[in-house]
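Read through the structure below, which is laid out as structure tokens, and then see the notes.
Residue numbers (my numbering): 1 to 200.
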């Protein structure tokens with residue numbers, strides 16, 4: 001249904017959906033979709049990709065073997081592609097850091113966050129997460145889609161939907177924080193003000 005809606009939006013707009021937005025966020029399967037579109041796959045192609053995944057990944061009993069999923073993610077998103085390689089819009093994919101109590105929402109980004117722009121090195125008590133230029137895209141997709149009972153955790157990450165099933169509020173918060181940081185750093189000319197919010 002999600003991909004059908006995106007196809008309809010593209011047809012109405014007359015251009016690819018990724019050219020219509022400055023910021024895109026996704027959780028779990030929506031995160032995988034956001035990343036596939038962000039690396040250049042078309043909506044029609046991703047529709048076929050989801051049918052292939054259904055047949056190749058969800059086989060046998062739960063939790064499913066993650067190897068077919070990881071193989072598809074590497075093939076489709078790039079084995080060595082990092083988040084900072086994604087250009088054209090700011091992309092956020094949610095994951096949950098399960099190595100802390102309470103578990104914490106993590107946003108995989110293709111850009112340096114406002115918090116990171118302001119933070120001094122070593123300010124966190126937790127093991128740091130990878131910067132966008134070190135974070136593999138397929139790892140972000142795998143982490144975001146690590147739904148308990150369907151797949152095992154991905155390292156310290158589990159499915160982003162456990163905290164942010166609909167990341168609309170998270171991306172709006174991120175936009176405000178990022179724009180505030182840019183202004184504080186004297187980079188107000190880079191601020192992108194939201195004009196339309198679309199949540200599917």
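The beta-carbon is built from N, C-alpha and C at its ideal position, and this holds for glycine as well. Because the structure is a prediction, the values reported are computed rather than measured.
Using DSSP's beta-bridge definition, name the partner residues of residue i.
i: residue 158; result: 96
i: residue 109; result: 92
i: residue 82; result: 136
i: residue 71; result: Paired residue(s): none; residue 71 is not in a bridge.
i: residue 104; result: 97
Measure from the alpha carbon of residue i to the alpha carbon of each residue in the options, then state which is nearest.
i: residue 165; options: 31, 35, 13, 24; result: 31
i: residue 202; options: 102, 131, 197, 144; result: The shown model of the chain, from 1 to 200, leaves out residue 202, and the question about it has no answer.
i: residue 82; options: 25, 137, 156, 179; result: 137
i: residue 107; options: 14, 6, 86, 171; result: 171
i: residue 77; options: 57, 20, 2, 49; result: 49
i: residue 89; options: 53, 28, 29, 22; result: 22
i: residue 149; options: 66, 45, 27; result: 66
i: residue 114; options: 56, 84, 178; result: 178
i: residue 4; options: 44, 71, 141, 24; result: 44
i: residue 203; options: 85, 175, 19, 140; result: Because the chain here runs from 1 to 200, residue 203 falls outside it and cannot be looked at.
i: residue 133; options: 191, 80, 59; result: 80
What three-state label does DSSP hand residue i in the structure shown?
i: residue 90; result: strand
i: residue 65; result: coil
i: residue 22; result: coil
i: residue 180; result: helix
i: residue 29; result: helix
i: residue 129; result: coil
i: residue 186; result: coil
i: residue 192; result: coil
i: residue 51; result: helix
i: residue 146; result: coil
i: residue 37; result: helix
Assuming contact is defined by CB atoms lying nearer than 8 Å, are residue i and residue j in contact in what I supplied?
i: residue 146; j: residue 163; result: no
i: residue 152; j: residue 68; result: no
i: residue 188; j: residue 143; result: no
i: residue 160; j: residue 42; result: no
i: residue 97; j: residue 156; result: yes
i: residue 91; j: residue 169; result: no
i: residue 26; j: residue 93; result: yes
i: residue 6; j: residue 24; result: no
i: residue 2; j: residue 185; result: no
Using the beta-carbon count (16 or more within 10 Å), is residue i buried or exposed?
i: residue 15; result: exposed
i: residue 11; result: exposed
i: residue 183; result: exposed
i: residue 195; result: exposed
i: residue 73; result: buried
i: residue 118; result: exposed
i: residue 135; result: buried
i: residue 53; result: buried
i: residue 190; result: exposed
i: residue 75; result: exposed
i: residue 243; result: Within the shown structure, residues of the chain are numbered from 1 to 200, placing residue 243 beyond reach of any answer.
i: residue 57; result: buried
i: residue 61; result: exposed
i: residue 175; result: buried
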